[in-house]
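Start counting the sequence shown at -2; every next residue gets the next number (our numbering). C-beta: ideal position from N, C-alpha, C; glycine also.
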Amino acid sequence: MRGHTRIILAIIVLSLMAAACNAPVQPADTPPAQPGSEVAQPGETGEDEGPDGGEKGARQQKGIDYQTVKPNEAGKIMVLMYHVIGDSEGEWSRRWDNFRKDLGVLYEKGYRLISLNDYISNNIDVEAGYTPVVLTFDDGTQGQFNVLEEDGKLVVDPKCAVGILEDFHSEKPDFGLAATFFVYYPMPFRQKDFIEYKFKYLVEKGMDIGNHTYGHANLGQLDAEGIQSQLGRMVAETDKYLPGYTVNTLALPYGVNAKEQYRQYVYKGEYRDFAYQNNVVLLVGSNPAPSPVDVKFNPLSTPRIRATDDPSITSDMYDWMDYFDKNPHERYVSDGDPNRVVIPREMEGKVDENKVGDKELIVYDLE
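Here it is in structure tokens:
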């Protein structure tokens, strides 16, 4: 492959050892109706064998047993979508205790948090054998981030999403603490006296703030001026609380994009003295997102999955976790090194070399 070192690993001794202590992968079961209908099959096997891995290939083989870990960095990634976190369960609501349950299930099934920006930039730093997952929250509701006043001090409500995330992270620090909150004005998180406090708190904790337009606008109903006003004004207002902070991610309100002739202003535009650029645009869809090296990867049209286990909703996070349990070859699995992209040969046809960038691409034979 042009521009990248391609290493073909012939793992003989280690694969025999792995075979002795690992049961073979079972054939994939029939997937849930909705997820199965929307998941593409793995790419065709490549024909170009490339140069031998040599000494470097032996070093990678020594560092990680690919036959056991089965890294697949061309696999799919779930971008999860939450709205209301509170005391009731509904189509767009998640009980706070069920949110905590979601985190626990993700953790036990080998998922680890990464930021949305790290996903789109392919800066995925996850331990070998684990799968990245992205948390997103729309609308900036109070249950996502609520603060209480106790003895003259502000404390994070332990039943809000931020409080639950922090508590879970204190127990399982390897899970991560990344999330993006897509807010709109005039009152993000619904406590007007604490907007600045909350914004600064999130950023200090390594979480992000994203654009949900200034007033939760339907972009499909706006012209170029209206789109730039809604997106640019949100950026300008956020700058009042966080001077210099870059808002470069957008979740489409109602999942509706602008008309085709105005769509360029969704991605980039200007409002008064504020220029904005959205590097990722999130949909409301029901699919996992492709790997950032996938030929189909398009950050300006990134699908998300409903974070619920409501049996009336198909293609939710639990449907997809079940699907990946039964079809592990379609799930993104990290090799543990953010500077490499490691894929089994059967996925080679899915990789766009240009998207690999300056990382080392390693193709191995899965036995």
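Residue 133 and residue 181 have their C-alpha atoms some 14 angstroms from each other.
Each of 304, 156, 73, 96 was checked against the Cα of residue 321, and the nearest Cα belongs to 73. Counted as a single uninterrupted DSSP element, the stretch harbouring residue 359 is not any alpha helix (DSSP H) but the beta strand (DSSP E) occupying residues 357 to 361. In the structure shown, the three-state DSSP call for residue 205 is strand. Remark: C-beta atoms of residue 330 and residue 356 do not approach each other more closely than 8 angstroms. When DSSP states are grouped into helix, strand and coil, residue 169 belongs to the coil group. Per DSSP, the continuous beta strand (DSSP E) segment holding residue 177 begins and ends at 177 to 180. The residue among 127, 84, 88, 75 with its C-alpha nearest the C-alpha of residue 66 is 127. The residues 335, in chain order, have a CB closer than 7 angstroms to that of residue 120 in the same chain once the five nearest residues on each side in sequence are set aside. Between the stretch 202 to 212 and the stretch 240 to 250, the count of C-beta pairs closer than 8 angstroms reaches three or more; the two stretches touch.
Our two residues, residue 301 and residue 352, have alpha carbons roughly 21 angstroms apart in a direct line. Straight-line spacing of the CA atoms in residue 212 and residue 202 works out to 26 angstroms.
Here DSSP, grouped into helix, strand and coil, assigns residue 267 to strand. Listed in chain order, the non-local C-beta contacts of residue 124 below 8 angstroms within the same chain comprise 109, 171, 331, 333, local neighbours out to five positions each way being set aside.
In this structure, the beta-carbon distance from residue 273 to residue 244 falls below 8 angstroms.
Residues of the same chain with a CB within less than 7 angstroms of the CB of residue 225, apart from the 5 flanking positions on each side, are 262, 266, 267, 268 in chain order.
Counting only runs that start and end inside the stretch 61 to 124, the beta strand (DSSP E) elements of at least 3 residues fall at 75 to 79, 81 to 83, 90 to 92, 108 to 110.
By the Cβ rule, the stretch 130 to 147 counts as touching the stretch 79 to 98, because three or more pairs are nearer than 8 angstroms. In its chain, beyond the 5 residues on either side, 130 have a beta carbon closer than 7 angstroms to the beta carbon of residue 103.
The beta carbon of residue 176 sits closer than 6 angstroms to those of 132, 204, all from its chain and outside the five residues before and after it, given in chain order. Looking from the CA of residue 80, the closest CA among 63, 319, 298, 186 belongs to 186. Straight-line measurement puts the Cα of residue 328 at about 16 angstroms from the Cα of residue 313.
Residue environment: residue 258 is assigned as exposed (fewer than 16 neighbouring CB atoms within 10 Å of its CB, all protein chains considered). Annotation note: the stretch 138 to 165 contains the following uninterrupted beta strand (DSSP E) runs of length 3 or greater, listed N- to C-terminal: 144 to 147, 150 to 153. Taking residue 237 as reference, the option from 292, 354, 145, 192 with the minimal CA-CA separation is 192. Sequence-distant Cβ neighbours of residue 220 in its own chain, meaning closer than 8 angstroms and more than five residues away, are 259. If you draw a straight line from the Cα of residue 315 to the Cα of residue 100, it comes to about 12 angstroms. The shortest CA-to-CA distance from residue 256 to any of 106, 216, 189 is the one to 216. For a cut-off of 8 angstroms, the C-beta gap from residue 117 to residue 290 is around 12 angstroms, too long to register as a contact.
280 is the residue among 364, 288, 280 whose C-alpha sits nearest the C-alpha of residue 298.
CA-CA distance, residue 194 to residue 285, rounds to 33 angstroms.
Scanning 287, 85, 310 for the CA closest to the CA of residue 348 turns up 287. For the pair residue 308 and residue 240, the Cα-to-Cα distance works out to about 44 angstroms. Annotation for residue 173: 109, 110, 111, 166 place their beta carbon closer than 8 angstroms to its own, counting only its chain and skipping 5 residues before and after. Rounded to the nearest whole angstrom, the CA to CA distance from residue 68 to residue 310 is 31 angstroms.
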